[in-house]
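In this note's numbering, the protein residues as written are -9 to 250. We put the beta carbon where it would ideally sit given N, CA and C, even for glycine. What follows is a set of notes on a single structure, which appears directly below.
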């Protein structure tokens, strides 16, 4: 049985709902962004997750993407989690259908946007669990509901998120790259998944340790488009790390990742 709603949650989300409904013209842009993230259904979803003890309050952004925002969530015990919220209004549903279609784990036969996003979030949740079991450095998936995913927070003890390798290049690019190759090997050959959008934008530099994120589009290894996506991932990594001075090539990385 669910515990009684946390009064701080009720107050915070109540105030957020009021913010969304304001009619003042000078904050129209802020209201537009807020309404895209915190529509009524999302507020209810967050309230349910809060009531289940997964998050106590939201405070501060970790990242902002085209389709989702990642916010810091604080729990009753003082711990921090990452709360990824997919925006219904701006999500690319054709892309979602493209990556989900053909995945034997999902049988999506609907054009309902909310159901599709729910499946997309569940896909990311399951991919994270699968990768973690294979020993890949990814955030631990904690819970998911509708368009919201709660994950392990990657950062310091003060609540500062670790940046991606795009914005904090590694001090030793070769060592970082070698760690990443090991992670990619486990990703592809042990978890039997292909990322599909791997670049320094999706690799956190956590104390010189690569942590792979954003695996919602990742497909199973025997998916029809898996080889195409893997080739793209390899080209991206070789291009970006070659610019950092790493001695690598598409042929070398392909040989190291592709097992007979």
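In this model, residue 69 and residue 241 are separated by some 44 Å (Cα to Cα). Under DSSP, no beta-bridge partner is assigned to residue 213. In the structure shown, residue 56 adopts coil according to DSSP, grouped into three states.
Here residue 124 is near residue 180, since their CB atoms are less than 8 Å apart. Beta-bridge pairing by DSSP links residue 133 to 140. Nearest Cα to residue 154 within the set 135, 199 and 186: 199. The continuous beta strand (DSSP E) containing residue 202 extends over residues 199 to 202. Distance check between residue 34 and each of 142, 135 and 62 places 135 closest, using alpha-carbon atoms only.
With fewer than 16 other beta carbons inside 10 angstroms of its own, residue 94 counts as exposed. The Cβ neighbour count for residue 42, taken over all protein chains shown within 10 Å, is under 16; the residue is labelled exposed. Pairwise C-beta distances place the segment 168 to 179 in contact with the segment 107 to 127, as three or more of them are shorter than 8 Å. Approximately 6 Å separates the beta-carbon atoms of residue 114 and residue 205; this is inside 8 Å, confirming the contact.
In the DSSP annotation of this structure, the continuous segment of the beta strand (DSSP E) that includes residue 76 starts and ends at 70 to 76.
With a cutoff of 8 Å on beta-carbon distance, residue 243 and residue 228 are scored as near each other.
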